[in-house]
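Worksheet: the structure to be examined is printed underneath.
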Amino acid sequence: MKWDKNIVYDNNLLIKKIKGISEQLTTKVEIERISIIPTNSKENFQFTLFDHIKTQRGNKTGYTIVTNSNTQATDVSQNIESPIHMEISLTESVNLLNLLGCSSDIRLFPIYDAPNDDMLDKIRKNIDNFTIKYNYSFEDYSSLKLDSLFFGTTASGNMHKEIPNRYDLVKEDTQIITTDKLGLLTCLSLYIITTLSEKLFEKLHKYGIEENKLKDLKDLAIKNLTEPKASLGKLVTKFLPDFETEFDFQSHILSTHPISKNGISSLYEISKLTNSELIIDDIPLIDSDVINFVSKEFLISNPTASTPNTNTILVSKELSSTIIDELNKNKFNPRVIGKIGKRGKRGIIFNNKQK
Numbered sequence: 326m327k328w329d330k331n332i333v334y335d336n337n338l339l340i341k342k343i344k345g346i347s348e349q350l351t352t353k354v355e356i357e358r359i360s361i362i363p364t365n366s367k368e369n370f371q372f373t374l375f376d377h378i379k380t381q382r383g384n385k386t387g388y389t390i391v392t393n394s395n396t397q398a399t400d401v402s403q404n405i406e407s408p409i410h411m412e413i414s415l416t417e418s419v420n421l422l423n424l425l426g427c428s429s430d431i432r433l434f435p436i437y438d439a440p441n442d443d444m445l446d447k448i449r450k451n452i453d454n455f456t457i458k459y460n461y462s463f464e465d466y467s468s469l470k471l472d473s474l475f476f477g478t479t480a481s482g483n484m485h486k487e488i489p490n491r492y493d494l495v496k497e498d499t500q501i502i503t504t505d506k507l508g509l510l511t512c513l514s515l516y517i518i519t520t521l522s523e524k525l526f527e528k529l530h531k532y533g534i535e536e537n538k539l540k541d542l543k544d545l546a547i548k549n550l551t552e553p554k555a556s557l558g559k560l561v562t563k564f565l566p567d568f569e570t571e572f573d574f575q576s577h578i579l580s581t582h583p584i585s586k587n588g589i590s591s592l593y594e595i596s597k598l599t600n601s602e603l604i605i606d607d608i609p610l611i612d613s614d615v616i617n618f619v620s621k622e623f624l625i626s627n628p629t630a631s632t633p634n635t636n637t638i639l640v641s642k643e644l645s646s647t648i649i650d651e652l653n654k655n656k657f658n659p660r661v662i663g664k665i666g667k668r669g670k671r672g673i674i675f676n677n678k679q680k
C-alpha cells in the first residue's frame with residue numbers, strides 16, 4: 326500500500342480504506358502481511374497492490390517464502406535512469422530471503438512505474454541485467470501505470486529446512502550476533518544532505534570527517550544496497566534443521582532478524598518477539614564520527630539506520646564462535662553484541678556506551 330501519510334498514521338482511516346477494498350472482492354481473502362509506504366504524493370499516485378503467489382498442491386517438502394521491498398533510500402546524485410534505483414529494491418527483497426536461509430528457486434516480481442515509456446524500457450532493461458548477473462528468474466508484468474516513479478519488488482523462494490523464526494526457543498544467555506556494523510545508511514543520508522548544503526562541510530571537518538571519507542562510506546553503502554549476499558543464505562541454511570525436524574538449541578540458528586533501516590530500534594522488536602529483556606554490551610558503528618555528528622546536529626532521526634545486509638542472529642553460546650567464524654569467512658564484520666536476559670520481561674539494558 327502506498328498511501329498519504331495522514332491516512333497511514335491514522336488507524337481508523339487506514340482500516341476504512343482496507344475495508345473498502347475487501348468489500349469489492351467476491352471471495353474471502355486472508356491477508357497475512359501488509360507493507361505500507363507513507364507518502365506525500367498526489368492521490369492519483371496512491372495504490373494498493375495484491376500479490377498472488379501460486380503454489381502447488383501435493384506432499385509438503387518445504388516452505389515457499391515471500392518477501393517484498395521498495396526503494397526508500399538511494400543516491401540522488403545518480404541519474405534517474407541509473408540502474409541502482411531498481412537494484413536497491415531487488416537486492417533488499419533477495420537479502421530478506423537469504424536472511425531466512427532461503428537461497429534457491431528465487432523468483433522476482435518487479436513492481437515499478439515511470440512517467441514515460443522510454444524510462445519504463447530502461448527500467449525493464451536494468452531488471453534484465455540484474456537477474457542475468459545473479460541468475461534469478463523473474464516475471465515481468467505491466468507497470469503500475471500511474472505515471473509516477475516507483476521501484477519495488479516481491480521475491481519468493483523455496484527452502485527445505487525449518488525457518489529460523491523460533492523466538493519461543495530462545496533461552497537466557499542466548500547470544501545476539503550482528504552480521505555487520507550499524508549506521509551505514511546514515512552515511513549515505515549524510516552524503517546526500519551535504520550535497521545540498523556547503524556550510525555542512527565546514528562543520529564536518531570539526532568532527533574529523535573528510536569529504537573523501539564520507540564519499541567512500543557512501544560508495545560502500547550503495548555497494549551493500551545493490552549487491553545481494555547469497556553467502557548469508559547458504560550460511561544460515563547450514564545451521565538449520567531439515568524440514569519438519571525439531572530445532573536443537575545447541576547446534577541450530579534459532580532466529581534471524583533484520584536490522585536494516587530500523588537500526589537500533591530493531592533490538593526492541595527482538596525483545597518483544599522473544600518476550601525477554603536484552604542485555605547489550607556493545608553497539609558496533611560503521612563510523613562513530615559520522616554518527617556523533619548527525620546526532621548532535623539533529624540531521625537524521627535514526628543515526629543507526631543500516632543497509633539490508635545488517636542483521637541479527639540468535640544462537641547458543643556454544644554455537645556463537647562458529648557462526649562468527651563463518652561470517653568472517655564470508656566477508657562480513659560480525660560481533661556478539663549481547664545476550665538474552667530474563668524471560669517474560671521486555672526491555673533493553675545497555676551496559677556500555679556505543680563504540
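For the sequence shown, this note's numbering begins at 326 and goes up steadily by one. The C-beta atom is built at its ideal place from N, Cα and C for all residues, glycine as well.
From Thr479, Ile584, Tyr461, pick the residue whose C-alpha is nearest to that of Ile501; which is it? When only C-alpha atoms are compared, the closest one is Ile584.
Range covered by the alpha helix (DSSP H) that runs through Glu412: Counting along the chain, the alpha helix (DSSP H) containing Glu412 begins and ends at 409-424.
Rounded to whole angstroms, what's the CA-CA distance from Leu565 to Ser418? Just pull it up for me. In this structure, the straight-line span from the alpha carbon of Leu565 to that of Ser418 is close to 21 angstroms.
In chain order, what residues of the same chain have a beta carbon less than 6 angstroms from the beta carbon of Asp472, not counting five sequence neighbours either side? The residues are Pro440.
Which same chain residues end up closer than 8 angstroms to Ile390 when comparing Cβ atoms and leaving out the 5 residues on each side of it in sequence? For Ile390, where only same-chain residues beyond five positions count, the Cβ hits under 8 angstroms are Leu422, Leu425, Cys427, Ser481, Gly482, Asn483, Met484, Ile488.
Report yes if the CB atom of Pro659 is closer than 9 angstroms to the CB atom of Thr503, and no otherwise. Remark: C-beta atoms of Pro659 and Thr503 approach each other more closely than 9 angstroms.
Which residue or residues does DSSP assign as beta-bridge partners of Leu610? Its beta-bridge partners are Leu507.
Nearest by alpha-carbon distance to Asn454: which of Pro408, Lys496, Lys621, Lys559 is it? Closest by alpha carbon: Pro408.
Quick one: what does DSSP say Asp703 is sitting in, helix, strand or coil? Residue 703 lies beyond the stretch modelled for the chain, which goes from 326 to 680, so this question has no answer here.
Among the residues of its own chain, which have a CB less than 6 angstroms from the CB of Thr599, if the five just before and after it don't count? Tyr492, Val495.
What are the start and end residues of each continuous beta strand (DSSP E) run of 3 or more residues lying completely inside the stretch 572-655, in chain order? For the stretch 572-655, the continuous beta strand (DSSP E) assignments of 3+ residues that do not extend past its boundaries occur at 580-583, 601-605, 636-640, in sequence order.
What does the alpha-carbon distance come out to for the pair Glu497 and Ile674? So the two alpha carbons sit approximately 14 angstroms from each other.
Using the Cβ count rule (16 or more neighbours within 10 Å means buried), how would you classify Asn336? The residue in question, Asn336, is exposed, as its Cβ has fewer than 16 Cβ neighbours within 10 Å.
Counting beta carbon pairs with one atom in the stretch 649-668 and one in the stretch 601-611, are three or more of them shorter than 8 angstroms? With the cut-off at 8 angstroms, the stretch 601-611 and the stretch 649-668 touch.
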